[in-house]
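Residue numbers (this note's numbering): 525 to 914. Remarks on the structure that follows.
What follows is the structure, encoded as structure tokens:
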């Protein structure tokens, strides 16, 4: 669940080679790349064209392969991470000058590897100097080169095994853990029964053993952006934990769909219903916010966290904050209360407050008091709590 959040104000701190618009995007190319090859030049041009074509937006992009566009609404698996925080392609190229490190043949395909890095030497920003190293495959489609996600080539010789609603996909060096898969099957069945009885789909679950291995499945040879140990994507879950049981991500896949459910409630539900399966992990996370509420009340408080004015304080604050709301509602209204919350419009602070007040029949000030009490029981100066309540 570890994740890095980068604020766009960093752009103002970087010393950058400003590329004024997408029309002027130009790739820098390593001398290692054989630009005498017609195909290599075509791949470089393809990649350059893609980044002039609003790759931060989802539409029928002509530079991506047709099959993946038909399979996935959000077909570029690196898009969400590389353009996180609302960054678009113009900002990306302005802040992190793209450098083509290699273009190599891969059977009948080619693979391009591009470094996105700033030229900053400022110690304040040096830790985020490298945004990512992106890798993409290029394949021929109707005699034209188009782009393809790495996951196709990486997983084509992997094994698969179905258990309940989960289809596990794992590399040859992974030993399938049936016990963990059975636990996952039981957990998913329980979530479906309680919260989404009409669910009748399945999803793939890709097992990797490290964040870098998982990053490759999202087209990153190295990534600073969006780094995490698990991610629920369209039709799949990716995990870096090397096992078959990731309840936090299962919850994301199994909840009833609601486009008006905001980030803090979405993650809060996944933490309360999923992460909480590991009591130590749950308590440790809740203790972080509980401690901040005690020690830094001017910065960390109900309004600043629920409104996400403070998104990150060594941890993503939305996770324990949302879980605190879910725990409060469950304690007063049980599953019925959580179902109401899942279906509510919670895209912003006002929506969250209105929904929670309606569900538990308290005023905003009373909700704040009860939320603080919910978190307070996890406060421990030592960072350890002997027994989790509830």
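The beta-carbon is built from N, C-alpha and C at its ideal position, and this holds for glycine as well.
query                                                                                                     : result
Boundaries of the beta strand (DSSP E) in which residue 751 is found, first to last residue               : Where residue 751 is concerned, there is no enclosing beta strand (DSSP E), given that its DSSP letter is neither H nor E.
Rounded straight-line distance, which links the Cα of residue 615 to that of residue 671                  : 22 angstroms
Reduced DSSP secondary structure (H/G/I, E/B, other) of residue 611                                       : coil
Bridge partners - residue 637, DSSP secondary structure assignment                                        : 626 and 659
Burial state of residue 590 (16 or more Cβ within 10 Å)                                                   : exposed
As assigned by DSSP and simplified to three states, the class of residue 571                              : helix
Nearest-angstrom Cα separation, counted from residue 881 out to residue 904                               : 29 angstroms
Three CB pairs or more closer than 8 angstroms across the region 566-580 and the region 718-738           : no
Separation of residue 849 from residue 891, as counted between CA atoms                                   : 9 angstroms
Residue 698 versus residue 551 - alpha carbon distance                                                    : 38 angstroms
Contact check, residue 630 vs residue 677, beta carbons under 8 angstroms                                 : yes
For residue 582 and residue 867, the rounded distance between their alpha carbons                         : 26 angstroms
The alpha helix (DSSP H) enclosing residue 758, as first and last residue numbers                         : Looking at the DSSP string, residue 758 is not in any alpha helix (DSSP H), and its letter there is neither H nor E.
Candidates 762, 743, 643 and 612: closest to residue 653 by CA position                                   : 643
Sufficient close CB pairs (3 or more, under 8 angstroms) joining the region 812-826 to the region 753-764 : no
Residue from 852, 774, 776 and 813 with nearest C-alpha to residue 835                                    : 813
Beta carbon of residue 554 nearer than 8 angstroms to that of residue 611                                 : no
Residue burial classification, residue 777 (beta-carbon count within 10 angstroms, cutoff 16)             : buried
Three-pair Cβ contact test at 8 angstroms for the region 846-862 versus the region 883-901                : yes
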